[in-house]
Amino acid sequence: MHTQQVQEFLAEAANHTREQAMMEGLSRAAARNIFLGGSLFFFVVFVALTAHSHWYIVTQSTDHAGLTESVKHGKEVWEEHSCINCHTLLGEGAYFGPELGNVWVRYGGPDSPEGARAGIKAWMQIQPTGIPGRRQMPNFDLTDAELDALVDFFEWMSRINTQGWPPHVAG
Numbered sequence: 005m006h007t008q009q010v011q012e013f014l015a016e017a018a019n020h021t022r023e024q025a026m027m028e029g030l031s032r033a034a035a036r037n038i039f040l041g042g043s044l045f046f047f048v049v050f051v052a053l054t055a056h057s058h059w060y061i062v063t064q065s066t067d068h069a070g071l072t073e074s075v076k077h078g079k080e081v082w083e084e085h086s087c088i089n090c091h092t093l094l095g096e097g098a099y100f101g102p103e104l105g106n107v108w109v110r111y112g113g114p115d116s117p118e119g120a121r122a123g124i125k126a127w128m129q130i131q132p133t134g135i136p137g138r139r140q141m142p143n144f145d146l147t148d149a150e151l152d153a154l155v156d157f158f159e160w161m162s163r164i165n166t167q168g169w170p171p172h173v174a175g
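Take a look at the structure:
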């Protein structure tokens, strides 16, 4: 009896093609509904993640209160002299010179703001040092106002919540 059932099943299966079996299991309307439902679901997820990212950038990770005209001018000095061609800022840029997103912290800015300010400005003013075998930063002949603005920009950058990025204090 068992072999007879197996033979009947195999005979019936031979009469159906793969496409026929698939069409019996999934109608056109069902396939369309699955496609539209899945598309709608992923579109809603995309919009929600985009809205959350925008909210986070605007409300959490950007220090709007500290974004002064001097900080903006410091960013302009950074761009005008193409500092990113040698340095990184929050991990973005070239790796010839040190990371500058954390230079304010490395110079002790949170504990001694005036000392950090003086140290950073002095370092930029004495370049190039002429020490053989070291990579040298060119002297851009920045004015005191440009140096102050650049240091203000570095201080502002140090307060950005990067959630631990870049992973190591380099420099």
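If you use the numbering used here, the sequence shown corresponds to residues 5 to 175, in order.
Virtual Cβ for every residue (Gly too), placed ideally from N, Cα, C.
Values in this document were obtained by computation on a predicted structure and should not be read as measured data.
Check                                                                                                                                                                                       : Outcome
In terms of alpha-carbon separation, which member of S74, M141 and H68 lies closest to Y99?                                                                                                 : M141
Taking contact to mean 3 or more Cβ pairs, one atom from each stretch, closer than 8 Å, check whether the region 152–159 and the region 68–76 are in contact.                               : yes
Within 10 angstroms of its Cβ, does T54 collect 16 or more other Cβ (buried), or is it exposed?                                                                                             : exposed
Starting from the C-beta of N89, find all residues in its chain whose C-beta is less than 7 Å away, skip the five residues before and the five after it, and write them out in chain order. : A98
Is the CB-CB distance between P171 and G105 below 9 Å?                                                                                                                                      : no
Can you tell me the Cβ-Cβ gap for M161 and L93, rounded? I've got them flagged as a contact below 8 Å.                                                                                      : 7 Å
Over the uninterrupted alpha helix (DSSP H) stretch that includes A149, give me the two end residues.                                                                                       : D148 to S162
What does DSSP give as the partner residues of E96 in its beta bridges?                                                                                                                     : L93
Taking just the CA atoms, how far does G41 sit from V48?                                                                                                                                    : 11 Å
Where does the unbroken alpha helix (DSSP H) through I38 begin, and where does it stop?                                                                                                     : R32 to Y60
Let me know if H56 comes out buried or exposed under the rule of 16 or more other beta-carbons within 10 Å of its beta-carbon.                                                              : exposed
Straight-line CA distance for Q64 to I164?                                                                                                                                                  : 9 Å
If I measure Cβ to Cβ from A35 and keep anything under 6 Å in the same chain, skipping five residues before and after, which residues do I get?                                             : none
Could you work out which residue in S31, T166, L146 and A15 is closest to C87 when comparing CA atoms only?                                                                                 : L146
Return the chain-ordered list of same chain residues with a C-beta closer than 8 Å to the C-beta of V51, the five sequence neighbours on each side being excluded.                          : none
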